[in-house]
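**Q**
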Amino acid sequence: MGPEEYRPFFESHAQDVIMPDFAWNGITMGKKICDLAHVYDVAIAPHNCHSPMNTLISANVCAVIPNFMTLEFINDDAPWRDDIMTNPFEIDNGKPEGT
1 MGPEEYRPFF
11 ESHAQDVIMP
21 DFAWNGITMG
31 KKICDLAHVY
41 DVAIAPHNCH
51 SPMNTLISAN
61 VCAVIPNFMT
71 LEFINDDAPW
81 RDDIMTNPFE
91 IDNGKPEGT
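In the numbering used here, the protein residues as written are 1 to 99.
(1) Which residue from 34, 1 and 10 puts its Cα closest to that of residue 24?
(2) Which runs of the beta strand (DSSP E) spanning at least 3 residues fall entirely within the stretch 24-72, listed in chain order?
(3) Have a look at residue 62 and residue 29 and give me their C-alpha separation to the nearest angstrom.
(4) Within the same chain, show all residues whose beta-carbon is closer than 8 Å to that of residue 13, passing over the 5 residues directly before and after it, in chain order.
(5) Straight-line CA distance for residue 35 to residue 90?
(6) So what's residue 16 in DSSP terms, helix, strand or just coil?
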């Protein structure tokens with residue numbers, strides 16, 4: 001779904017919070033969705049269950065949107081996580097650290 005598909009839900013005040021998926025929509029389209037949601041005072045809580053890379057992408061988008069509410073994060077400590085990340089990170093006090 002892009003911004004125009006979300007618009008009817010925003011205009012009818014059907015949602016207080018949406019969960020865009022930046023792995024699915026991409027960074028640019030996801031940011032456009034967040035910007036339109038902000039116009040309608042809709043909060044953002046990104047869907048984020050794909051990978052450490054998606055966590056960092058989502059965290060970066062969330063850092064630049066005024067309507068960020070919370071970021072879904074699954075801390076399963078997958079043993080392969082550090083193998084695929086050049087600079088593995090930890091969540092410290094709710095923030096990704098060590099990136």
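For every residue, glycine included, the Cβ atom is placed at its ideal position computed from N, Cα and C. Being a predicted model, the structure only gives us computed values, none of them experimental.
**A** In short, the structure shows the following:
(1) 1
(2) none
(3) 14 Å
(4) 40
(5) 28 Å
(6) coil
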